[in-house]
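Number of protein chains: 4
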Amino acid sequence: MPTEPVMSREAVIAYLDEVFPQIHHGGPGPVVESVGPLTASLRLPYHERHLRPGGTISGPAMMALADLALYAAILASLGPVALAVTTNLSFNFMRKPAPRDLIGEARLMKLGRQLAVGEVLIRSAGEPDLVCHATGTYAIPPRRN
Amino acid sequence: MPTEPVMSREAVIAYLDEVFPQIHHGGPGPVVESVGPLTASLRLPYHERHLRPGGTISGPAMMALADLALYAAILASLGPVALAVTTNLSFNFMRKPAPRDLIGEARLMKLGRQLAVGEVLIRSAGEPDLVCHATGTYAIPPRRN
Amino acid sequence: MPTEPVMSREAVIAYLDEVFPQIHHGGPGPVVESVGPLTASLRLPYHERHLRPGGTISGPAMMALADLALYAAILASLGPVALAVTTNLSFNFMRKPAPRDLIGEARLMKLGRQLAVGEVLIRSAGEPDLVCHATGTYAIPPRRN
Amino acid sequence: MPTEPVMSREAVIAYLDEVFPQIHHGGPGPVVESVGPLTASLRLPYHERHLRPGGTISGPAMMALADLALYAAILASLGPVALAVTTNLSFNFMRKPAPRDLIGEARLMKLGRQLAVGEVLIRSAGEPDLVCHATGTYAIPPRRN
């Protein structure tokens with residue numbers, strides 16, 4: 026498995042802004058804070074469009090954060106040539122997140138030729154407890170050499 | 026298990042509009058088309074904010090549709106007194122949906138005292154093939170009698 | 026998608042007995058009752074080794090049944106040349122199954138070149154209620170033509 | 026959340042042997058190697074009944090190990106009074122495990138009044154790479170005080 030990212034944080038941000046302008050629709054979307062070996066950490070800035078009844082951050086906001094965090098980790102590891110496709114995502118919601126920024130830390134557990142598998146730990150910024158745990162599988166298209 | 030919904034389609038729509046105004050943030054959100062015994066069918070109108078690279082509908086748009094469809098089915102079956110909390114959601118993405126409306130059909134497989142479990146079939150409007158299959162679990166708060 | 030199985034029920038049984046003798050270790054294992062277009066139905070005969078505390082059928086017995094049912098549906102659809110590998114399985118357990126035979130009905134929702142995705146409905150023999158719902162993804166190895 | 030187990034490793038083993046004699050049916054089953062704060066580590070001794078075609082350890086053997094590991098972590102944390110019921114299990118299979126002992130390390134991410142949620146990392150004994158990652162949810166029955 027590769028041990029160093031092939032794209033920098035800045036390169037991942039520029040690529041996502043180019044291909045995923047929708048993530049900032051209606052307000053600021055997730056921001057890549059760092060990338061590392063098979064990892065990426067993203068922050069979802071608090072915005073009222075992410076609220077659900079009761080004043081907590083909604084499940085769909087967390088799901089979008091998790092999907093993008095895994096995608097960023099794959100991008101950082103493989104580079105922009107590969108358009109990975111999500112095939113499976115599974116979420117356990119454990120606590121209701123307060124109306125604050127969320128941090129999603131993605132880690133790839135497998136980066137194979139055809140499939141990447143990873144997990145994402147989501148917490149409220151500055152809090153130790155997990156609010157959501159996600160796992161995801163991505164199909165990696167064949168690469169020409 | 027109850028066999029008839031306790032809330033009409035119109036009542037579910039009115040309740041969701043009241044407690045979930047965010048679902049229409051930035052453009053029209055999912056619309057409840059029908060409710061039935063342990064079921065609900067929702068349509069997500071096409072909007073460019075739901076696109077992802079390649080011009081297909083994004084995973085997060087499908088995930089938000091699935092979560093809301095299951096929530097609508099629970100609401101219709103239990104009434105507005107119960108604020109169900111999503112504890113688990115799992116998605117298999119099978120085909121890339123064309124840039125069109127999506128239909129999500131939710132069906133509860135279990136509606137117990139503490140947990141509801143259901144599935145959602147998502148298709149492009151007018152197409153027979155599934156683009157996504159979701160399952161979800163919801164914790165139902167204790168009800169006073 | 027293929028509409029007719031390429032292996033008969035008898036051929037699937039013979040193949041499974043040859044490559045999976047372990048499924049009958051310690052007592053009779055699941056039996057293929059029928060195969061159809063993208064489907065397979067299996068029966069797990071009751072045996073006390075499948076019990077868990079409280080006298081109900083254990084989760085692992087249901088999980089093994091679901092995995093084999095999906096594998097049988099893939100076999101019936103693709104033939105014995107393809108050794109599919111399970112990449113993801115997800116289970117919702119909804120009711121405790123009585124100490125009786127279980128029936129698992131598998132249906133493939135997608136049979137692509139690289140991935141197959143299906144669901145399994147598990148019930149106690151003769152009962153209408155679901156005891157478990159499973160979804161699974163299988164990687165299909167490249168086939169020579 | 027509790028920080029110290031209320032049952033020792035020996036007490037968990039004795040309890041499992043009493044209520045789950047089936048786990049050793051047909052050969053040695055998983056062995057609890059240690060318990061800690063919200064954690065349990067189990068070893069599945071290699072046995073040919075766990076093999077699948079190709080000579081690797083089967084998915085059902087890993088699934089049974091994961092379920093028991095989470096159950097052991099809950100037992101160690103709550104004591105034998107609570108009969109937790111599995112409501113959801115989700116597995117990502119990442120590598121084919123060689124015909125050797127498997128180690129399953131369970132960690133509870135949430136231990137609430139009604140639900141416990143945890144993950145299990147499964148590796149071949151002595152190997153660093155994950156062969157399987159599992160997450161599970163368990164319903165905890167009401168406790169009298």
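Residue numbers (this note's numbering), protein chains in the order written: chain A, 26 to 170; chain B, 26 to 170; chain C, 26 to 170; chain D, 26 to 170.
Each residue gets a CB set at the ideal place from its N, CA and C atoms; glycine is no exception.
For a contact defined as C-beta to C-beta under 8 Å, what are the partners of residue i on chain D?
i              : result
S115 (chain A) : S115 and T160
V142 (chain A) : N117, M119 and H158
Inspect the beta-carbon positions of residue i and residue j and report whether they are closer than 8 Å.
i              : j              : result
A141 (chain A) : A94 (chain A)  : no
L251 (chain C) : P30 (chain C)  : There is simply no residue 251 (chain C) to check, as chain C begins at 26 and stops at 170 in what is shown.
Y163 (chain C) : A109 (chain C) : yes
K121 (chain B) : T160 (chain B) : no
M88 (chain D)  : F116 (chain D) : yes
G104 (chain C) : M32 (chain C)  : yes
S83 (chain C)  : Q47 (chain D)  : yes
H72 (chain D)  : P85 (chain D)  : no
L63 (chain C)  : L136 (chain C) : yes
P78 (chain B)  : V37 (chain A)  : no
I165 (chain C) : R148 (chain C) : no
D92 (chain D)  : T111 (chain D) : yes
V57 (chain D)  : P70 (chain D)  : no
L90 (chain A)  : M119 (chain A) : no
Can you pull the chain A neighbours of residue i, defined as C-beta to C-beta under 7 Å?
i              : result
D154 (chain B) : Within chain A, no residue comes near D154 (chain B); the closest Cβ sits about 16 Å away, beyond 7 Å.
Strictly below 7 Å CB to CB, what residues from chain C border residue i?
i              : result
A89 (chain D)  : P85
M134 (chain B) : M119, L155 and H158
T112 (chain A) : L140 and T162
Which whole-angstrom value is the C-beta distance of residue i and residue j, which I expect to be below 8 Å?
i             : j             : result
H50 (chain B) : R74 (chain A) : 4 Å
Just to make sure I have the definition right: I need the residues of chain B whose C-beta is within less than 9 Å of the C-beta of residue i. Which are they?
i              : result
D240 (chain A) : Outside the displayed range of chain A (26 to 170) lies residue 240 (chain A), so it cannot be described from this structure.
A131 (chain D) : Ordered by position in chain B, no residue passes the 9 Å Cβ test against A131 (chain D), which lies about 17 Å from the chain.
When you measure from the CB of residue i to every non-hydrogen atom of the ligand FAD, does any distance come out below 7 Å?
i             : result
L76 (chain B) : As presented, the structure is devoid of all ligands, the ligand FAD included, so that no description of it is given.
Can at least three beta-carbon pairs, one atom from the stretch 113 to 129 of chain D and one from the stretch 99 to 106 of chain B, be found at a separation below 8 Å? No, the stretch 113 to 129 of chain D is not in contact with the stretch 99 to 106 of chain B.
Could you please tell me which residues of the stretch 71 to 82 of chain A, in chain order, have their CB closer than 8 Å to any CB of chain B? From the stretch 71 to 82 of chain A, only E73, R74, H75, L76, R77, P78 and G79 have a Cβ closer than 8 Å to chain B.
Please name the residues in the stretch 39 to 64 of chain D whose beta-carbon is closer than 7 Å to at least one beta-carbon of chain C, in chain order. Cβ contacts with chain C come from V44, F45, Q47, H50 and G51.
Please list, in chain order, the residues of the stretch 97 to 109 of chain B that have any C-beta partner in chain A closer than 9 Å. Result list: L108.
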